[in-house]
Amino acid sequence: MRVALREAFEARFGDRPRIYRAPGRVNLIGEHTDYNGGFVMPAAIEFATWAAVGERNDRSLVMYSENFGETAEFDLDHHGPRPRRHWSDYALGVAVMLERAGIELRGANLLIRSTVPVGAGLSSSAALEVAVSWALAPEPIDLTGRAKLCQRAEHEFAGVLCGIMDQFVACHARAGNALMLDCRSLEYQHVPVPRGLKIVIANSMVRHELASGEYNRRREQCAEAAVYFGKSLREVTEADLTRAKLPDPILRRARHVVTENARVLKAAAALDRGDLRALGELMYDSHRSLRDDFQVSCAELDTLVEIARGVEGVYGSRMTGGGFGGCTVSLVAEDRVDALRAAIKAGYPKAEVYVSDATGAAGPADL
Ligand code: GLA
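This is the structure in C-alpha cells:
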C-alpha cells in the first residue's frame with residue numbers, strides 16, 4: 067500500500083495540501099466524431115489522476131510526478147517553447163491557458179499520482195489536465211469552460227489536435243452513467259448504465275508509433291471531406307456519400323463519421339429501452355467501421371474484439387479511443403465477467419483486463 071497522498075505531499079513540501087481528482091474515461095461508442103461536431107458516448111472510469119497542491123509565494127510551478135519519479139519546475143513568467151513531449155507539458159499548458167483566460171495564478175507545489183495507464187487510450191492526459199486545472203483554479207469556473215481550456219492546453223502544449231470528448235467527460239461525468247454529448251452544441255445528457263452490466267476494458271499493451279501523427283492526419287482527411295461537401299461531416303447524409311466523387315481514403319473517412327454518428331443516436335435509444343443486444347451490435351458495427359473505413363484499428367485490437375464476441379454474456383465490444391493500439395471496451399453481464407477475463411487470458415495472454423463502473427466528475431477529493 068502506498069502512503070496517503072496527503073502524507074506524501076507533507077513529507078515533500080512541508081505543508082498540508084488540497085487534493086483534487088479527475089477520472090480517465092472509456093468511450094462506449096462514437097469514435098473520431100468529436101472533432102467533426104458529432105456525437106460521443108463516453109463514461110468516466112475508476113482509474114484517475116490526483117493532484118495535491120499547496121501555494122507558493124513566488125511564480126514557480128514545482129511539480130512532482132510519482133509515476134515518473136521526476137520533478138519539473140517552471141517559472142510562470144519565463145517558460146520555454148512547447149511541446150517537449152514530456153508529461154509536464156500538459157500541466158504547464160493548463161497553467162498558461164488559465165492565465166490566458168484571465169485567472170491570475172500564484173506559484174504552486176504539486177504532487178501528482180495517477181492510476182490511469184499511460185498511452186492506453188484511457189485519457190491519462192485529459193485526467194492530468196483536468197486535475198491540475200482544479201488544483202490551480204478550484205474556484206468555480208463553468209465546467210464546459212474548464213474542459214475547453216484543458217483541450218486548448220493539449221493542442222498547444224502537447225501538439226495533439228484532440229476533440230473535446232475526454233476533457234468534457236472528465237468535467238461532467240456522473241457516477242453510474244455514460245454521457246451522451248453533442249460535440250456541436252455541447253449539449254449533453256446522462257444515460258444510466260443498466261444494473262448488472264459491467265464495463266470491461268482490455269488493454270492490448272501495444273501502442274503503435276504512428277498514433278499521434280495518424281490522429282492528426284485523420285483530422286486533416288475529415289477536414290478535406292468537409293470542404294468537399296461544403297458542410298461539416300455532422301451535416302453530411304448517407305445520400306451525400308453515395309453521390310460523392312472523392313478519392314477512396316477520404317470517402318471512407320467521411321463514411322465512418324457519418325455512419326458512426328447514426329450509430330451513437332441508435333445506441334442512446336437502445337440504452338433507453340434497455341435493448342442491450344441492439345446496443346452491442348452497434349458496438350461491433352462501430353469496430354468494423356473503425357477497422358475498415360477509418361483504418362485506426364490494428365491486429366491486436368481486432369483479436370481482442372473477436373475473443374469477446376465468442377463469450378456468452380458479452381453484448382458488444384469495440385476498440386475505444388484514438389486507436390493504433392490501446393484498449394477495447396466490452397459491455398458484459400456481471401456474472402460473465404470472469405468468463406470474458408478467462409477467454410482473454412487464454413487467447414491474448416499479454417492483455418491486462420480492467421473492470422470498471424462508470425464514475426463521477428473531477429473535483430475535490432481525499433486520498
Ligand atoms: C482521442 C481524442 C478524442 C477523440 C478520440 C477518438 O481520445 O483525445 O478527442 O477524438 O481520440 O474518438
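All residue numbers for the sequence shown refer to the numbering used here, where the first residue is 67 and numbers rise by one.
Positions of the beta carbon are idealized from the N, C-alpha and C atoms, including for glycine.
Beta-carbon gap between residue i and residue j smaller than 8 Å
i      : j      : result
VAL371 : ARG384 : yes
ARG319 : ASP351 : no
GLU418 : ARG402 : no
LEU188 : VAL196 : no
VAL330 : PHE105 : yes
ALA114 : VAL259 : no
ARG78  : ARG122 : no
ALA70  : ALA236 : no
VAL160 : LEU202 : yes
SER363 : ILE265 : no
ASN93  : MET231 : yes
LEU176 : ALA157 : yes
GLU97  : LEU337 : no
GLY382 : LEU406 : no
ALA310 : LEU317 : yes
ALA428 : TYR130 : no
ALA333 : LEU342 : no
LEU263 : GLU400 : yes
GLU136 : VAL128 : no
ARG300 : GLY103 : yes
SER270 : LEU367 : yes
TYR254 : HIS274 : no
GLY387 : ALA409 : no
GLY120 : ALA174 : yes
ALA193 : GLY90  : yes
ALA305 : SER298 : no
LEU252 : SER199 : no
ALA412 : ALA244 : no
VAL302 : MET107 : no
ARG23  : GLU76  : As shown, the chain starts at 67 and ends at 433. That puts residue 23 outside it, with no answer to give.
GLU280 : PHE134 : no
Local conformation of residue i per DSSP, three classes
i      : result
HIS221 : helix
ASN327 : helix
SER189 : coil
GLU136 : strand
VAL235 : helix
PRO204 : coil
PHE360 : coil
GLU73  : helix
TYR414 : coil
GLY346 : helix
VAL184 : coil
THR303 : coil
GLU366 : helix
LEU312 : coil
ILE435 : The chain is shown from 67 up to 433; residue 435 falls before or after that span and cannot be answered.
GLY159 : helix
ASP341 : coil
In DSSP terms, what residue i is bridged to
i      : result
GLY391 : ARG273
ASP141 : SER126, HIS144
MET385 : THR394
MET246 : GLN255
TYR294 : TYR294 is not bridged to any residue.
ILE265 : LEU397, SER422
ARG89  : Residue identity check: residue 89 is Pro in the sequence provided, not Arg. Answer is ALA114, bridged to PRO89.
ARG179 : TRP116
GLY429 : ARG87
SER131 : GLU136, ILE178
ALA109 : VAL92
VAL380 : VAL398
VAL121 : What sits at residue 121 in the sequence shown is Glu, not Val. ALA174.
CB-CB length for residue i against residue j, believed under 8 Å
i      : j      : result
SER191 : SER180 : SER191 to SER180, Cβ: 10 Å. No contact.
ASP100 : CYS249 : 4 Å
ALA186 : GLY392 : 5 Å
ASN282 : LEU215 : Incorrect: roughly 21 Å between the Cβ atoms, too far for contact.
ALA117 : ILE169 : So it is not a contact: roughly 16 Å between Cβ atoms.
ARG240 : GLY426 : 6 Å
ILE267 : TYR420 : 4 Å
ALA374 : SER396 : 5 Å
LEU307 : TYR294 : The pair is not a contact, with the Cβ atoms about 11 Å apart (cut-off 8 Å).
Query raised in the report: Can you list, in chain order, every residue whose CB sits closer than 5 Å to a heavy atom of the ligand GLA?
Result: GLU97, HIS98, ASP100, CYS228, GLY229, MET231, ASP232, GLY387, GLY388
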